[in-house]
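Participant:
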Amino acid sequence: MDEDFEFPVSSNNAVDEEMDMDTGMDDLSVPDPIMKVDEEKEIGKTGIKKKLLKEGEGWEKPSKGDEVEVHYVGTLLDGTQFDSSRDRGTPFKFQLGQGQVIKGWDEGIKTMKKGEKALFTIPPEMAYGESGSPPTIPPNATLQFEVELLSWISVKDICKDGGIFKKVLVEGEGWQNPKDLDEVFVKYEARLDDGTLVSKSDGVEFTVQDGYFCPALSKAVKTMKKGEKVLLSVKPQYAFGETGKAANGDEGGVPPNAALHINLELISWKNVSEVTNDKKVLKKILKEGEGYERPNDGALVKVKLTGKLQDGTVFVKKGHDDEELFEFKIDEEQVIDGLDKAVKKMKKGEIAVIIIQPEYAFGASDTPQELAVVPGNSIVYYEVEMVSFVKEKESWDMNTQEKIEAAGKKKEQGNVLFKAGKYVRASKRYEKAVSFIEYDSSFNDDEKEQAKLLKVSCNLNNAACKLKLKEYKEAEKLCTKVLEIDSKNVKALYRRAQAYIQLVDLDLAELDIKKALEIDPDNRDVKLEYKVLKEKIKEYNKKDAQFYGNIFAKMNKIEQAKSASGGAKNEAAPMIIDNKGGAKLKTISSIQAKANSCWAAMVLAVMAGFRRLSTRLVSTRVAETH
């Protein structure tokens, strides 16, 4: 191909616009046909034909924006050659899908694999159209190109707005990318369009969400793999925008509205994860652990740890310098809550830094520790190495008797925690106890009876926890489970009634209390709860009366206003005369009075329905809130 012959896009604007709509390189494109060597098929719906001459390697194909390198030979249908990169001895490079070549090339080459060779037959509307490309290509010419795809460099529009194009120079390892909380270690070099160096680092670490140098770096690293090297073409909005950047020390200035070209290498990163949903306990991995197993609640862990304050003061150090490893049980309150939760998410051999806010550490009070006092409201940092752990036995590893014994132990632990006012942890114990005996198909009759009693007591106790925690919907569900086993369980009826009262489902609460009193008429707690319920009902009836009273007062005012208006217009009320000549007379006003009475009754009924519905909605909102 001659140097001035750069595959111009067809000059037929109408055709171009139509092709942009119909053949855009998007997710709605027709899938590429599966082909065999020497087989010819039409690709897409634009009349382009492809004949496979040589199969390519692998399964990957270039995408829109990628920089491809090809060899080609172009001919007319009569065999006349008009161009050849092979004759010049230099492969041809261009950016796919950017309008740098004829549309037929953009559509055809995106179907090829590395090393593949194909013959494309391209109709005029996908080539040079009515104008041709004189003197070598006549108007309305169908062209043939023998194309070999040598290689391509991936180029991605990573923000989907043309602001940052990323060209991959060296592929990275694996499949993972850094996330917002992760700390990345990179090398980079940033230059202006004229090649002026403005910033460079042979190694800098930063948190992805905090960014570094310019916004483009944090945007780009989130798309990169470990070891990946890229060239970024950065528009001003992802560089330094309209204001630019003044020179500072070794860094050069960036003029306003200047684009940048940045060579960037992602050397490594430290994975940082949220241990708690409120982001007040974070875990930064310094060294990956082995396998996939992690400790469970009750597991015995052995660790090396060092605890520090923000200023670097060490307040505890255990398991180092030939000292015996520090061991504790998960979820037994043997360490601060944040450390407990974080260690549960570690693997064997993992080394991590745990960052813990005061709420999950030592709180607002000064707390003496082994080597120093931790001041109130301190953020603390633990470097922890998980040396080993022994998981608490799971139910699937137990025989039936072991399951019952384990459930009994968890129940007793729950009782101790409940008495101590630790309702969240008590609830977890009761749930764990039930999980051991949930499925009892393999139990014998005696074991089934034991399991039944444990399920009833654990679910009842857990319901008591949920009431304390104001999780009323959960309390109601747990009591219902008990009543499915024992329909006359007074405690279950009583606690479910308590939940219903808080959920403002007073009718159902009354049903449960009445049933409980039928079973146990002298139960003092149930009687007291019935008094509470009656007060609630009175309270809501009073609100109903006030609510409906306001409605009818407003209706009465409207009706009086209408009557006054009607009286002004008509001095005498119109009459209806019986056609049969009798003395029967009815005034319109009397008919209206009856109609208003019916209307009022209907409104009352509808309002009562709305009131009941509002009660249900309040119940739902209360459940969702808790």
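Just so we're aligned, residue 146 is where the sequence shown starts under my numbering, counting upward by one. Every residue, glycine too, gets a C-beta built ideally from N, C-alpha and C. The structure displayed is predicted, hence computed values, not measured ones.
(1) Starting from Leu612, trace the alpha helix (DSSP H) in both directions and tell me its first and last residue.
(2) Using DSSP bridges, identify the partner residues of Cys359.
(3) Less than 6 Å between C-beta atoms, sequence neighbours within five positions excluded: which residues of the same chain meet that for Val160?
(4) When the Cα atoms are used, what is the spatial distance from Val532 to Leu516?
(5) Among Tyr217, Ile549, Asp339, Phe358, which residue has its Cα nearest to the Cα of Lys121?
(6) So Lys486 is in the alpha helix (DSSP H); what residue range does that whole segment cover?
(7) For Lys259 versus Glu318, is the C-beta spacing smaller than 8 Å?
(8) Quick check on DSSP: helix, strand or coil for Val144?
(9) Checking the sheet assignment: what are the DSSP bridge partners for Met531?
(10) Leaving aside the five residues before and after Gln240 along the sequence, list all residues of the same chain whose C-beta is less than 6 Å from its C-beta, in chain order.
(11) Would Gln245 pass as a contact of Gly210 if the rule is Cβ separation under 8 Å?
(12) Measuring only the C-alpha atoms, how far is Ile407 from Lys206?
(13) Is the segment 606-616 touching the segment 567-582, taking contact as three or more C-beta pairs under 8 Å?
(14) Whole angstroms are fine: how far does the CA of Glu419 sit from the CA of Pro323?
(15) So the alpha helix (DSSP H) Tyr617 belongs to, where does it begin and stop?
(16) Between the alpha carbons of Trp414 and Asp325, how many angstroms are there, rounded?
(17) Can you tell me where the alpha helix (DSSP H) holding Arg439 begins and where it ends?
(18) Starting from the C-beta of Ala509, find all residues in its chain whose C-beta is less than 6 Å away, skip the five residues before and the five after it, and write them out in chain order.
(19) Kindly give me the distance between the Cβ atoms of Tyr105 and Val446, rounded to whole angstroms, as I take these residues to be in contact under 8 Å.
(20) Give a yes or no on contact between the segment 246-255 and the segment 191-200, applying the rule of three or more CB pairs nearer than 8 Å.
(21) Sort out for me which residues DSSP pairs Pro513 with in a bridge.
(22) Rounded to a whole number of angstroms, what is the C-alpha to C-alpha distance between Arg640 and Ala620?
(23) If you reduce the DSSP assignment to three classes, tell me which class Gln546 lands in.
(24) Quick one: Cα of Glu202 to Cα of Lys181, how far?
(25) If contact is defined by three or more beta carbon pairs under 8 Å, each pair taking one atom from either stretch, is the segment 534-549 in contact with the segment 434-451?
(26) Scan the segment 243-275 and note each continuous alpha helix (DSSP H) run of 4 residues or more that stays entirely inside, going in chain order.
(27) Please classify Lys687: does DSSP put it in a helix, a strand, or coil?
(28) Have a look at the DSSP bridge pairing and note the partners of Asn322.
(29) With DSSP as the reference, please indicate the residues paired to Leu411 in a beta bridge.
(30) What does a CB cutoff of less than 8 Å around Leu630 pick up in its chain, not counting 5 residues either side in sequence?
(31) Would you call the segment 282-290 in contact with the segment 216-234, where contact means no fewer than 3 C-beta pairs closer than 8 Å?
(32) Cα separation between Val461 and Lys453?
(33) Spatial neighbours of Ile501 within its chain, please: C-beta separation below 6 Å, excluding the five flanking residues on both sides.
(34) Can you tell me which of the three DSSP states Val182 falls into?
(35) Sort out for me which residues DSSP pairs Phe239 with in a bridge.
Facilitator: According to the structure shown:
(1) Mapped onto the sequence shown, residue 612 falls at position 467. Segment 590-613, the alpha helix (DSSP H) holding Leu612.
(2) For the purposes of this step, residue 359 is identified with residue 214 of the sequence shown, where counting begins at 1. DSSP output for Cys359 lists Tyr357 as bridge partner(s).
(3) Start at 1 with the first residue of the sequence shown, and residue 160 comes out as number 15. At Val160 the pLDDT is 36, less than 50, meaning the model places this residue with poor confidence; the figure from the coordinates comes in the next sentence. Cβ within range, chain order: Glu270, Gly274.
(4) As a working note, residue 532 is residue 387 in the sequence shown. As a working note, residue 516 is residue 371 in the sequence shown. Cα to Cα, the separation comes out at about 23 Å.
(5) The requested residue 121 is not part of the displayed model; the chain covers only 146 to 771.
(6) Stepping through the sequence shown from its first residue, residue 486 is reached at position 341. From DSSP, the alpha helix (DSSP H) with Lys486 extends over 482-488.
(7) In the sequence shown, residue 259 corresponds to position 114, counting from 1. In the sequence shown, residue 318 corresponds to position 173, counting from 1. No, the pair does not count as a contact, with Cβ atoms beyond the cut-off.
(8) The question about residue 144 has no answer here: the residues shown for the chain are numbered 146 through 771.
(9) One-based indexing of the sequence shown puts residue 531 at position 386. Note: Met531 sits in a beta bridge opposite Val448.
(10) Translated into positions along the sequence shown, residue 240 becomes position 95. Same-chain partners within the cutoff: Glu212.
(11) Within the sequence shown, the letter at position 100 stands for residue 245. Within the sequence shown, the letter at position 65 stands for residue 210. It is not a contact, given that the beta carbons lie outside the stated cut-off.
(12) Indexing the sequence shown from 1 puts residue 407 at position 262. Indexing the sequence shown from 1 puts residue 206 at position 61. Each residue's Cα considered, the two are about 26 Å apart.
(13) yes
(14) As a working mapping, residue 323 is identified with position 178 in the sequence shown. As a working mapping, residue 419 is identified with position 274 in the sequence shown. Cα to Cα, Pro323 sits roughly 14 Å from Glu419.
(15) Here residue 617 refers to the residue found at position 472 of the sequence shown. Unbroken alpha helix (DSSP H) run through Tyr617: 617-630.
(16) Within the sequence shown, the letter at position 269 stands for residue 414. Within the sequence shown, the letter at position 180 stands for residue 325. Computed Cα separation, rounded: 11 Å.
(17) The residue labelled residue 439 in the question sits at position 294 within the sequence shown. No alpha helix (DSSP H) holds Arg439; DSSP gives it neither H nor E.
(18) To locate residue 509, count along the sequence shown from 1; it is residue 364. Counting only Cβ-Cβ distances below 6 Å, and skipping sequence neighbours, we find Gly521, Asn522.
(19) Residue 105 is absent from the model: the chain starts at 146 and stops at 771.
(20) yes
(21) For the purposes of this step, residue 513 is taken as the residue at position 368 of the sequence shown. Bridge partners of Pro513: Val518.
(22) Counting from 1 along the sequence shown, the entry for residue 640 is found at position 495. Counting from 1 along the sequence shown, the entry for residue 620 is found at position 475. For Arg640 and Ala620, the distance between alpha carbons rounds to 8 Å.
(23) Position 401 of the sequence shown, counting from 1, holds the residue named residue 546. If DSSP states are grouped into helix, strand and coil, Gln546 belongs with the helices.
(24) By one-based count along the sequence shown, residue 202 stands at place 57. By one-based count along the sequence shown, residue 181 stands at place 36. Glu202 and Lys181: Cα-Cα distance of roughly 14 Å.
(25) yes
(26) 248-254
(27) The residue labelled residue 687 in the question sits at position 542 within the sequence shown. In the structure shown, Lys687 sits in a helix (DSSP, three-state: H, G or I).
(28) Residue numbering aside, residue 322 sits at position 177 when the sequence shown is read from its first letter. For Asn322, which the question treats as bridged, DSSP gives no partner whatsoever.
(29) Taking the sequence shown and counting its residues from 1, one reaches residue 411 at position 266. Paired residues: Val331.
(30) Taking the first residue of the sequence shown as 1, we reach residue 630 at position 485. Note on identity: in this sequence residue 630 is Ile, with Leu being the wrong assignment. Taken in chain order, the residues that qualify are Lys597, Lys600, Val601.
(31) yes
(32) On the sequence shown, position 316 is the one that residue 461 refers to. On the sequence shown, position 308 is the one that residue 453 refers to. Using only the alpha carbons, I get a separation of about 7 Å.
(33) Working through the sequence shown from its first residue, we reach residue 501 at position 356. Result list for Ile501: Val426, Gly483, Val525, in chain order.
(34) Here the question's residue 182 lines up with position 37 in the sequence shown. Residue state, collapsed to three classes: coil.
(35) Along the sequence shown, one-based indexing puts residue 239 at 94. Its beta-bridge partners are Val213.
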